[in-house]
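Okay, so here's the structure we're looking at.
Protein chains: 4
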Amino acid sequence: MIRFECDYAEGAHDAILKKLSETNFEQTPGYGVDPHCESARALIRTACKAEAADVHFLVGGTQANTVMIASILRPHQGAVCATTGHIAVHETGAIEATGHKVLTIPSDDGKISAEQIRAVHAGHWNDSTHEHMVQPGLVYISHPTENGTTYSKAELEAISAECRALGLPLVVDGARMGYGLAAPDNDLSLADFARLCDMFYIGGTKVGAFFGEAVVITNDALKKDFRYHIKQRGGMLAKGRLLGIQFETLFTDGLYESVSRHAVAQAMRIRKAFETKGIAFRHASMTNQQFPILPDGMKKALAEKYSFSHWEAYGDGHTVVRFCTSWATKEEHVEQLIRDIAVL
Amino acid sequence: MIRFECDYAEGAHDAILKKLSETNFEQTPGYGVDPHCESARALIRTACKAEAADVHFLVGGTQANTVMIASILRPHQGAVCATTGHIAVHETGAIEATGHKVLTIPSDDGKISAEQIRAVHAGHWNDSTHEHMVQPGLVYISHPTENGTTYSKAELEAISAECRALGLPLVVDGARMGYGLAAPDNDLSLADFARLCDMFYIGGTKVGAFFGEAVVITNDALKKDFRYHIKQRGGMLAKGRLLGIQFETLFTDGLYESVSRHAVAQAMRIRKAFETKGIAFRHASMTNQQFPILPDGMKKALAEKYSFSHWEAYGDGHTVVRFCTSWATKEEHVEQLIRDIAVL
Amino acid sequence: MIRFECDYAEGAHDAILKKLSETNFEQTPGYGVDPHCESARALIRTACKAEAADVHFLVGGTQANTVMIASILRPHQGAVCATTGHIAVHETGAIEATGHKVLTIPSDDGKISAEQIRAVHAGHWNDSTHEHMVQPGLVYISHPTENGTTYSKAELEAISAECRALGLPLVVDGARMGYGLAAPDNDLSLADFARLCDMFYIGGTKVGAFFGEAVVITNDALKKDFRYHIKQRGGMLAKGRLLGIQFETLFTDGLYESVSRHAVAQAMRIRKAFETKGIAFRHASMTNQQFPILPDGMKKALAEKYSFSHWEAYGDGHTVVRFCTSWATKEEHVEQLIRDIAVL
Amino acid sequence: MIRFECDYAEGAHDAILKKLSETNFEQTPGYGVDPHCESARALIRTACKAEAADVHFLVGGTQANTVMIASILRPHQGAVCATTGHIAVHETGAIEATGHKVLTIPSDDGKISAEQIRAVHAGHWNDSTHEHMVQPGLVYISHPTENGTTYSKAELEAISAECRALGLPLVVDGARMGYGLAAPDNDLSLADFARLCDMFYIGGTKVGAFFGEAVVITNDALKKDFRYHIKQRGGMLAKGRLLGIQFETLFTDGLYESVSRHAVAQAMRIRKAFETKGIAFRHASMTNQQFPILPDGMKKALAEKYSFSHWEAYGDGHTVVRFCTSWATKEEHVEQLIRDIAVL
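Chains as they are written, first to last, in this note's numbering: chain F, 3 to 346; chain P, 3 to 346; chain V, 3 to 346; chain B, 3 to 346.
Right, dumping it as structure tokens:
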């Protein structure tokens, strides 16, 4: 069975394993204040062109989202996001567990627009009983989204401008950030995220690391006491240097970019193979997740040799499935898949 | 200005004021264990034909909903309810503040069906990553709903059967329970609610009392330690007898029923007056809230003399508004309104 | 049985009952924005010499404490208070239920000092792992304390200065505020509390009202969105005017002061009766709660005719009990008690 | 600088690094349902002689404590523990952040007794207003404690019997479990913990792993839906096999025991060196943490070459410090330290 079902099926990039091995018996302070974390912070600040940013390392995405959001909101506020947002659907109510409602905006492709944000905000304040409603307190978007789609620079700039006009911090879930930046149609950079958002994270778990997400805070007002929040939510790793070492490695010699490009290139090859067979796609994803709408026969045939995710039913005799590539995807696996698609 | 904007614009029924005055210098223990509370409990158990039920008195509806729901759910569970549900929209995230997500079901008239409940439940358990989703932990409905609509006995029996099959406690928000029971088309009784639900409350605030909601718990498994929850959520009134005295009065000599019938009768007269003028209604409400779709001219004219609520915009030159009657609505006010409608 | 067991055994002062009756059929908007609430706010601002203060009305003390504290703290912060503080002991973990630790300072008489506050603060910041500890976020004191003791102006000024130096808002639980202000040795005024604290409440439930606590916010930074917090925690009374009417009455013609003086005068008479018999007291209370240390025989004899609270065991054959007076205490009951003490 | 300041200064045991490397490109499902986790579960069940136990893997100790405790308690309940308990002092209020109070029992050495547990329980239920207090909902102990002390089998059996009599689940924080089991005076086994407790965890982070704590649930009533709690609290590692691989390695060929014995042997040598110099100890620890009471001169001299933790001030010219050994402590470092102690 060859796995295309997710982007976290393997361990970590060899360079990370090597570095972990080399540094194994160094003695460092715990909790993220060691030299490796400091070095990784410096590298990330440079990559983001944000020398004044605070950078924190957390183990996983749900944790990162929860800590970011709970650190920003007051009790009566909620996080505005797409109905498809990871925090709205697949984090077991982690945000609600910190006391906050997720205020959803309908979305099919996973994206939301500046106009929708303005409308949600207005809907709250125009209600004569606005004090009886949860107050929008921040906007959360994912880039790429859970459906593999991405924001253009123009779209992100519009969202950012709207959020600033409304006084709503903009938070970005970048669990697959690398794959977004590597998309063929991408016109955004980490520096753009640093410039346009208030807080975002750069995902490591799905992009070459064993685990780890780097939270970047550019809004000064949101920096205070962030480490308390990390600790309180169970996110402060005792051997914090493990996170520092991984991000140090990823942000040296362009590794984060190169592994991301590899994954997206493989995804584009798979996409093309399906397209050639006349298969349509559920979402216009130019990133590492592809959502072909497969006829049942093709789905069944492919499932004998490959694992992929069931995404959703799609009318008569068709199903949307997800094929995921990653930093670890082997070219020979992709080639085999392409050959099999071609002859089905 | 004559007020039809809500059903809590006046104080309390004279009988309650009288009883408060008569008992004012009685010395009783606090926190709801006094003779008046005990007497009110007995009267309510009898009215519900539920001699084994636990009865607790709380001050308001948001408090009652929060305490009921937080007492039932485990941390990873959520409350299933209509998108229009009071807990979903107009309680400032009180449920989320206790850590729980509100899992909404689309609804136009405010009601949900047994089929929808089954589908939400199935959607959770069929997801391969169900542990990444909030688990449905109870079902919350309002009767009458926020739109004035009501469940029939057949509908409530179907919901109850479904909930029991799925292991989901059924909780009913009865803030306007009296007005539901007094609806011309009603075929439900308090005893039906006691039989078909696990926990529900009988609203006093909107039905003749200064304040107060009586929570009735019929499911033995949900009775334990309920008073701790009341206290923790700030709902344990020091002079608890004030609640006992009010419900004692409301449940003596059929007062709760008679004031409810009065309110609904007035609402039906107003409904008929609009109907006679060819005005349509947004919701098929047979209870104390009426939602006529008014042309702007008529709306403006009525607003000069009467206060009523803006409900929602409704296409070209029309608005949905809400007229509310209550136990305190004066017949002469209704007659005046009817005359004014007739000539507009 | 004559009750001295608590200060909430009766209903409300006649003047309140009368005013409720007179205003019963007025139609007013709900949720605390009616003319009676506005009038009560103005009267309280004047009494506090704090024209810029925000004033909100809540139903009960646990609710008031919870809303005040949860509105101020960020998630990683806690409330510093005496081990005997009401929030630390007798509110069923209401503060913890909002996510915050109560950081206790040892206290025998119920009071804490500026020095202790400084030490708790220093203990936090001097810990090399301060981010692993709950950060002190505000100071909560009760006046009078749960043991009937009171702060002097010098003590409150020292606490206030320390809190301001440390950046910790000072919050005062004034559930029995009236009885503190009426103490023979009192040198504080409501204006002092307004000047020295950031947020405090003036208790109505125990001082003449059916229920109700008036929260006064003098620190501008803490005013924002307070009504959302009230609503979220279930504290926004639909018929808010009931609170307005009660405080309007209490703050007209010095009623709050006069009923408080009455209660304290009765308590002093009881105190003297015990003293005359050589009975010592557990706490140096000059307010409406008295804590004599009774020999078992006397305790048993008094218990036949009077109800009072068991407070704590006190060595060989003695018990600390609590006698409470209130605005409603009848002089003839006190005289009877005094006679009975004299002959025991 | 040679570090004795904590037991998480290095990476992981070579065997773990080797296994991570060997398995790096295996493709496995995420979230802890892979073959390595299954194998580790089986090994731990065997080590605990608890074939029916559920075993879950979490990344860190604060996370493990929070998930365990929040999964057990109802909202009005609290966790009983020593004043020195990690959850009471050094987890930034993580337990309170889930809504629960930590109910502390005074303790000097870090241990609590069956008698103290009974007394806390009785104190709650004997209070006439017990519903106004947080209800004890479970007992949390650490083994070894934060002060390095350990429970004897007799003590643990007494605590367990008391907890079962009172209906309180017993939860054990075993962050340093290995070092407790390796103590010279230990008479407990993992099987004893499985038999006597309801839920406990076996620490990996401080005992040879990069990170990881294995939660063992032996009480059937507490097993349900535990994975939801892990996910909600941000503790479900995407590449869960990393935890499985580490515990698989630690529980193969007695590695967990042997690295633990190494650490304790080194600690005993250091202890003896101090004893030989007439240095007293703050706590009677036979585990990897040692708390000598150092004269200021000796402290200063040692601090030039070694890092160790300041624990607490100790009267005139003395300080309690902590020396920690671990699985990674080098014998030559210990020998050097012993030589330096000898000549001071």
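Just so you know, even glycine gets a beta-carbon here, dropped at the ideal spot from N, CA and C.
Cα-Cα separation, residue i to residue j
i: S328 of chain V; j: H231 of chain F; result: 45 Å
i: V174 of chain B; j: K208 of chain B; result: 16 Å
i: L105 of chain F; j: T331 of chain F; result: 36 Å
i: E215 of chain V; j: D110 of chain V; result: 27 Å
i: L60 of chain P; j: R243 of chain P; result: 11 Å
i: D9 of chain P; j: R197 of chain B; result: 60 Å
i: H78 of chain P; j: L170 of chain P; result: 14 Å
i: N188 of chain F; j: H88 of chain F; result: 22 Å
i: G317 of chain P; j: H320 of chain F; result: 38 Å
i: C50 of chain F; j: A42 of chain F; result: 12 Å
i: K302 of chain P; j: A265 of chain P; result: 25 Å
i: Q268 of chain P; j: E333 of chain P; result: 7 Å
i: E93 of chain V; j: A72 of chain V; result: 14 Å
i: K20 of chain F; j: K241 of chain B; result: 19 Å
Contact with chain V by residue i, beta-carbon distance below 8 Å
i: M135 of chain B; result: yes
i: Q65 of chain P; result: yes
i: G62 of chain P; result: yes
Integer Cβ distance of residue i from residue j, believed to fall under 8 Å
i: L172 of chain F; j: V141 of chain F; result: 5 Å
i: N26 of chain F; j: A124 of chain B; result: Not confirmed; about 51 Å, so no contact.
i: K233 of chain F; j: T68 of chain B; result: Wrong, their Cβ atoms sit about 11 Å apart, outside the cutoff.
i: T361 of chain F; j: G182 of chain F; result: Outside the shown range of chain F (3 to 346) lies residue 361 of chain F, about which nothing can therefore be said.
i: I107 of chain B; j: A81 of chain B; result: Not a contact, Cβ separation roughly 11 Å.
i: L352 of chain V; j: D200 of chain V; result: Only positions 3 to 346 of chain V appear in this structure, which leaves residue 352 of chain V out of reach.
Min CB distance residue i to chain F below 8 Å
i: H102 of chain P; result: yes
i: Y308 of chain B; result: no
i: S23 of chain B; result: yes
i: P108 of chain V; result: no
Neighbour-count burial assignment, residue i, 16 or more Cβ in a 10 Å radius
i: E133 of chain F; result: buried
i: V336 of chain P; result: buried
i: A66 of chain B; result: buried
i: R348 of chain F; result: Look at the range of chain F in this structure, 3 to 346, and you will see that residue 348 of chain F is not part of it.
i: A275 of chain V; result: buried
i: G280 of chain F; result: exposed
i: M3 of chain V; result: exposed
i: K307 of chain B; result: exposed
Interface flag, residue i vs chain P, CB-CB below 8 Å
i: F212 of chain V; result: yes
i: C8 of chain V; result: yes
i: K233 of chain B; result: yes
i: Y142 of chain B; result: no
i: R5 of chain V; result: yes
i: G13 of chain V; result: yes
i: A96 of chain V; result: yes
Short CB-CB distance (under 8 Å) between residue i and chain B
i: H123 of chain P; result: no
i: P227 of chain P; result: Pro is not the amino acid found at residue 227 of chain P; the sequence shown has Asp there. Output row for D227 of chain P: interface = yes.
i: A72 of chain P; result: yes
i: A240 of chain F; result: yes
Contiguous beta strand (DSSP E) assignments of at least 3 residues, all confined to the region 60–126 of chain B = Taken in chain order, the whole beta strand (DSSP E) runs of length 3 or more contained in the region 60–126 of chain B are 79–84 and 104–107.
For the region 260–312 of chain V, which segments carrying the beta strand (DSSP E) assignment without a break, of at least 3 residues, lie completely within its bounds, in sequence order?
-> Every unbroken stretch of the beta strand (DSSP E) spanning 3 or more residues and falling wholly within the region 260–312 of chain V is given here in chain order: 295–297.
Within the region 159–226 of chain B, ranges of the beta strand (DSSP E) (whole runs, at least 3 residues) | DSSP runs (the beta strand (DSSP E)) wholly in the region 159–226 of chain B: 172–175, 201–205 and 215–219.
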